[in-house]
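Asker: Starting off with a structure, shown below.
Protein chains: 2
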Amino acid sequence: MMTPINPDQLLSALRWRYATKRFDTAHKISAGHWDALEQSLVLTPSSFGLQPWKFLVVRDPALRARLQPESWNQPQVTEASHFVVLTAKTDLSSADIEAWIARMEEAQGKTAGELAPLKGMIAGFAETMSCEARHAWNVRQVYIALGQLMTSAALLGIDACPMEGISTGAYDRILGLEGSGYATAVACALGYRAADDKYAHIPKARYERAAIVRDV
Amino acid sequence: MMTPINPDQLLSALRWRYATKRFDTAHKISAGHWDALEQSLVLTPSSFGLQPWKFLVVRDPALRARLQPESWNQPQVTEASHFVVLTAKTDLSSADIEAWIARMEEAQGKTAGELAPLKGMIAGFAETMSCEARHAWNVRQVYIALGQLMTSAALLGIDACPMEGISTGAYDRILGLEGSGYATAVACALGYRAADDKYAHIPKARYERAAIVRDV
């Protein structure tokens with residue numbers, strides 16, 4: 001059974017979070033909490049359910065040290081408890097679609113015949129796009145995962161910093177992604193804020209709701 | 001003060017959610033819960049904090065009826081309690097950057113001088129891209145908002161259906177967005193599942209964690 005939280009709990013977590021710059025290097029995310037964050041990635045919704053992604057958890061300190069200069073030298077890369085590189089498939093092939101249909105057959109006890117219309121629809125949708133457009137589509141799905149990851153972390157009381165300011169080409173090279181069919185889209189550092197991270201105390205700046213939400 | 005939830009609460013909500021196809025038309029999201037979901041949109045993190053978006057809450061039933069045929073005739077458009085169209089800025093102009101810097105000055109009590117380096121960095125980043133690339137960048141930020149919105153809804157016990165299968169050009173025309181500097185990126189229906197939505201009982205299909213999460 002699912003017990004919903006109340007709006008105040010949600011909003012207090014969303015207001016508590018911020019793009020953490022300095023992490024407490026001594027404070028690691030527990031195995032149980034990290035497991036939940038990985039599950040939040042696995043459970044992320046995606047278009048047609050295709051999950052066109054792979055998430056690399058960079059645990060090797062030497063690798064993280066090599067990624068840092070490709071990340072505007074930001075300290076989060078090496079100081080955060082965990083560092084995830086979110087990658088997207090560079091294309092969506094018919095093999096990818098077949099793999100997904102096979103997974104649905106297995107997980108949902110459906111037959112290939114029952115899923116044939118869905119398979120045709122996905123293939124038809126993918127065919128209307130260039131390879132570049134399919135890659136861009138996949139990257140957008142990865143950003144849903146980034147959103148779900150950051151929101152989940154905040155609810156669990158875990159700090160995070162989304163990182164777009166990275167050299168994705170260098171990341172691909174360092175992580176051995178070249179030619180793998182996956183490419184770096186964005187990264188996210190996770191852990192617990194350092195006591196002296198001055199960004200923790202800057203008021204959150206957002207546009208007024210009336211400026212960005214409109215009833216029509 | 002922020003009281004974190006525990007991993008089980010998070011995961012039970014993420015497992016409970018699914019892309020809802022049939023909503024209970026009699027069950028509306030309360031004002032308090034809807035307010036929290038709008039706040040979750042407002043609080044969404046974005047690159048440099050730029051918030052390159054506008055969220056349209058389509059309340060007019062006649063408008064929703066016109067959007068439905070542009071959405072593969074999916075019933076969620078008219079049956080869900082609330083229907084949000086997430087739009088992205090079609091460019092990122094120097095005026096957009098100045099507006100953001102002005103907002104930071106106001107919200108954070110900073111001076112233009114203090115923020116000049118940040119302003120220069122954002123402008124430099126934006127200049128490396130074509131207008132199309134800036135639009136695509138903005139759309140990716142909108143997908144963070146989509147992720148935060150869906151995760152927030154699940155935690156509150158509210159059902160949602162992300163909708164990419166829409167004719168964004170027709171949406172722009174119907175919603176009067178043409179020439180506005182904003183374009184439809186994606187939509188999301190929110191409300192409560194109908195008792196007879198057969199999709200509620202299909203097992204969730206995801207790839208095994210080992211297939212998509214990798215320690216490196």
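Line by line, the protein sequences give chains B and A.
Quick note on numbering: the first sequence equals residues 1 to 216 in the numbering used here.
Quick note on numbering: the second sequence equals residues 1 to 216 in the numbering used here.
By construction, the Cβ of each residue, glycine as well, lies at the ideal position given by its N, Cα and C atoms.
Measuring only from the beta carbon, is A/GLY157 closer than 7 Å to any heavy atom that is part of the ligand COA?
Answerer: Here there are no bound small molecules, and the ligand COA is not part of this structure.
Asker: Ignoring anything shorter than 3 residues, give me the beta strand (DSSP E) runs that lie fully in the segment 146 to 205 of chain A, in order along the chain.
Answerer: If one requires a minimum length of 3 residues, the beta strand (DSSP E) runs lying completely within the segment 146 to 205 of chain A are 159 to 163 and 182 to 191, in chain order.
Asker: Is it the case that the Cβ atoms of A/ARG22 and A/ALA205 are separated by a distance below 8 Å?
Answerer: no
Asker: Let me know if A/THR20 comes out buried or exposed under the rule of 16 or more other beta-carbons within 10 Å of its beta-carbon.
Answerer: buried
Asker: Compare the C-beta of A/SER164 with all C-beta atoms of chain B and state if any pair is closer than 8 Å.
Answerer: For clarity, residue 164 of chain A is Glu in the given sequence; the question names Ser instead. For A/GLU164, the answer is yes, since a Cβ of chain B falls inside 8 Å of its Cβ.
Asker: Is the segment 113 to 122 of chain A close to the segment 57 to 64 of chain A, with three or more CB pairs under 8 Å?
Answerer: no
Asker: Using a Cβ-Cβ distance under 8 Å, would B/TYR182 count as near chain A?
Answerer: False, the Cβ-Cβ gap to chain A never drops below 8 Å.
Asker: Assign A/LEU50 to one of three DSSP states: helix, strand, or coil.
Answerer: coil
Asker: Could one say the Cβ of B/THR209 lies closer than 8 Å to chain A's Cβ atoms, at least one of them?
Answerer: Per the sequence shown, the amino acid found at residue 209 of chain B is Arg instead of Thr. Yes, because at least one Cβ of chain A sits closer than 8 Å to the Cβ of B/ARG209.
Asker: Tell me which residues share the same chain as B/MET150 and place their Cβ nearer than 8 Å to its Cβ, disregarding the 5 neighbours each side in the sequence.
Answerer: ARG17, ALA160, PRO162 and CYS188
Asker: Just to confirm, is the Cβ distance from A/LEU227 to A/LEU86 under 8 Å?
Answerer: Given a span of 1 to 216 for chain A in the structure shown, any question on residue 227 of chain A remains unanswerable.
Asker: Which residue from B/THR184, B/GLN108, B/SER130 and B/ALA133 puts its Cα closest to that of A/TYR199?
Answerer: If we check each option's Cα against that of A/TYR199, B/GLN108 comes out closest.
Asker: Indicate the three-state DSSP secondary structure (helix, strand or coil) for B/LEU86 in the structure shown.
Answerer: strand
Asker: Any Cβ of chain A within less than 8 Å of the Cβ of B/PRO7?
Answerer: yes
Asker: So with Cβ pairs under 8 Å, would you call B/PHE23 a contact of chain A?
Answerer: no
Asker: From the beta carbon of A/ASP172, is the nearest beta carbon of chain B less than 8 Å away?
Answerer: no
Asker: If you measure from the beta carbon of B/LEU41 to each beta carbon in chain A, is any gap under 8 Å?
Answerer: In terms of beta-carbon proximity, B/LEU41 lines the interface with chain A, with at least one pair separated by less than 8 Å.
Asker: Within the same chain, show all residues whose beta-carbon is closer than 8 Å to that of B/ASP196, passing over the 5 residues directly before and after it, in chain order.
Answerer: ARG22
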